[in-house]
Structures are given as structure tokens and as C-alpha cells.
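Numbering (the working numbering), first residue to last: -12 to 195.
And the structure:
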């Protein structure tokens, strides 16, 4: 009996996700440039020919992983921006959110940290473009804040890029400390909070 289009589509989506999950697992220990198609299909439990029904190449797979990984960063970055000009308590909560994000999505964080400067040019470009889009979104959000009165669009974008870069740096440091003693993770969080406060102080006095 033939499957309905809806069932076939759901099965196709499951296979695509299985390939992405398998690749993400393999990329815990290697870079995308060294990842083999057959490695991925073997780990996903599908035939090598099935790969090409979903991706043109491992670079194409890498682009899909970038989109999946960075989509999970939206809440983290938005929280940091909302805490940027508020109390120390809000900043501390934002840093805690980053820590939870790293604990929840360690493979995604590791993948972006590695491939941001990795050997696959197309994936590097997509990461760069996605982060630039994040910065523009943060700039637009900052522009709505009363503290941004008198700021030029270029300066707001520069501030937005500082926040985005700080989130990536903090995420990478927390990733390295994931298996470290609790004291080390707390130290990383304290430093991250101080860095956010420094950016916030600079923001308040920039026009002076």
C-alpha cells in the first residue's frame, strides 16, 4: 500500500533530521572539512544514496547545521540585550541563561565555535552572514531603547556587534568549562557578567 504524501513528507523530514543529528554527533570530535559522507550515512543508519535526496554535499549539510544551531541562539541574545542597560540582577540572569544554553546545546555551540573559522568557506560565509543578521536585529532592538537617543546607526551596530561577540566568547568559554569543577564555571560566569557591565557602562557614557 502506498504512503500518503503527508506520511512520505514526515518520513523524509525524519531522515533529514537523522542525517543532521548524526553529523552533529560526529562533529564533536572533528571538523566539517574532514567529515565523510559515508560516515554520516552510516551513523544515521541510511544508505549513502539517501544523502543526496536531502543535501548536495557535506558543505550543504553544514549550512543546514548552521541554521539549526543559530536559530537556538535567538532567545539567548535577546535576553542579553534586554539586560544590557538594567540591574546587575538582570545581567546575572542573562549570563545564567547562556550557561543553560551551553549545557542544553553543547554540540551546537561547539560546531559554531569551530566552523566560524573552519576550513569550509561556504559554511564560514553563512556563519558570518547569520551573525551579521543577528547584529542587525540587536541594533534594531537597541534603537528602541531611550538610552540610544542621539546614537548614530553605525554606533548602534557597533554596540550590537559587541553584544553578539560577547555572547559567542562567553559560550565558548563555558563550553570549555562544561566538565570543569563548579568553581571554574562560576568564575567564567562572574567574568562574563563583569564584561557585560563594562559594555553597559560604556554605552551609558559613549556620547559624552
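Each residue gets a CB set at the ideal place from its N, CA and C atoms; glycine is no exception. Here the structure is a predicted model, which is why all the values come from computation and not from measurement.
- For the pair residue 151 and residue 122, the CB atoms are nearer than the 8 Å cut-off.
- The criterion of a C-beta distance shorter than 8 Å is satisfied by residue 22 and residue 45.
- In terms of Cα proximity to residue 30, the closest of 6, 149, 87 and 161 is 6.
- For residue 42, there is no enclosing alpha helix (DSSP H), since its DSSP letter is neither H nor E.
- The shortest CA-to-CA distance from residue 187 to any of 169, 176 and 135 is the one to 135.
- The beta carbon of residue 127 sits closer than 6 Å to no other beta carbon from its chain once the five residues preceding and following it are set aside.
- It is roughly 10 Å from the alpha-carbon of residue 56 to the alpha-carbon of residue 97.
- Collapsing the DSSP output to three states places residue 168 in coil.
- Its chain contains 19, 46, 49, 50, 53 and 102 as the residues whose beta carbon lies nearer than 7 Å to that of residue 110, once the 5 sequence neighbours on both sides are disregarded; these appear in chain order.
- Note on geometry: alpha-carbon atoms of residue 37 and residue 28 lie some 8 Å from one another.
- The C-alpha of residue 3 lies about 6 Å from the C-alpha of residue 41.
- DSSP places residue 95 in the uninterrupted alpha helix (DSSP H) bounded by 93 to 102.
- Distances from the CA of residue 184 to each of 32, 145 and 79 were compared; the closest alpha carbon is that of 79.
- By the neighbour-count definition (other C-beta atoms within 10 Å, threshold 16), residue 157 is a buried residue.
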